[in-house]
Amino acid sequence: MSSKHTSKDPLAQGRHFFEDVWDVVRQVPRGRVTTYGAIAGYLGSRMSARMVGWAMNAAHALPDVPAQRVVNRNGMLSGKAHFGSPTRMQELLESDGVIVEHDQVSDFARLFWDPAVELAL
DNA sequence: TTATTGACGGGTA
DNA sequence: GTACCCGCCAATA
């Protein structure tokens with residue numbers, strides 16, 4: 085991360101968007117999952133779910149960011165291809181106690197962890 | 001410099 | 001119910 089501020093209006097975010105994303109993801113409890121849109125909405129940019137994906141890409145270098153707990157709104161492991169192996173994301177989720185079938189989280193609605201609700205800020 | 005893409009989501013047809 | 005289009009911000013070509 086270096087020294088470049090790409091945000092033209094940092095005050096609007098109060099902080100770097102990526103850092104906020106990582107901070108939220110780190111708060112996702114084991115055995116739970118969240119979505120890109122939920123994180124984006126929690127941060128204030130409801131339609132910038134894509135940026136959460138980019139943040140995850142950058143988070144790849146961070147130790148405590150469980151990106152496997154972040155899936156798309158369908159509960160599908162859309163980012164599994166970006167893990168070490170095609171099955172790595174599923175294995176990590178199963179290790180968390182999450183059932184995954186056909187690249188999709190079982191009982192996704194039940195396991196869904198919404199920062200806007202759980203953090204309730 | 002502009003154009004296209006990307007770990008997405010919602011609204012509209 | 002599915003399909004398509006637009007918008008978000010950043011990085012890459």
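First residue of the first sequence? That's 85 in this note's numbering, and the numbers climb one at a time after it.
Beta carbons: idealized from backbone N, C-alpha and C, even for Gly.
Taking the straight line between their C-alpha atoms, what separation do you get for G137 and V117? 15 Å
Can you tell me whether R114 is buried or exposed, with buried defined as 16 or more other CB within 10 angstroms of its CB? When all chains shown are included, R114 counts as exposed.
Going by beta carbon distance, what residues of the same chain come within less than 7 Å of L110, once the five residues before and after it are set aside? Going by the sequence as given, residue 110 is Arg instead of Leu. The residues are D148, V149.
How big is the Cα-Cα spacing for L161 and D191? Distance from the CA of L161 to the CA of D191, rounded to the nearest whole angstrom, comes to 14 Å.
Would you tell me roughly how many angstroms separate the C-alpha atoms of D180 and A193, rounded to the nearest one? 16 Å
Pull up the DSSP beta-bridge partners for M160, would you. M160 is bridged by DSSP to Q188.
Residues near G128 by beta carbon distance below 6 Å, same chain, minus five either side: none
Through-space distance from G168 to A143, alpha-carbon basis: 14 Å
Helix or strand or just coil, what does DSSP make of F102? F102 carries a helical assignment under DSSP once its states are collapsed to helix, strand and coil.
Residues bridged to T118 [DSSP beta-bridge criterion]: V154
Endpoints, the alpha helix (DSSP H) within which Q174 is located: 172-179
Environment of L176 [buried if 16+ CB atoms lie within 10 Å]: buried
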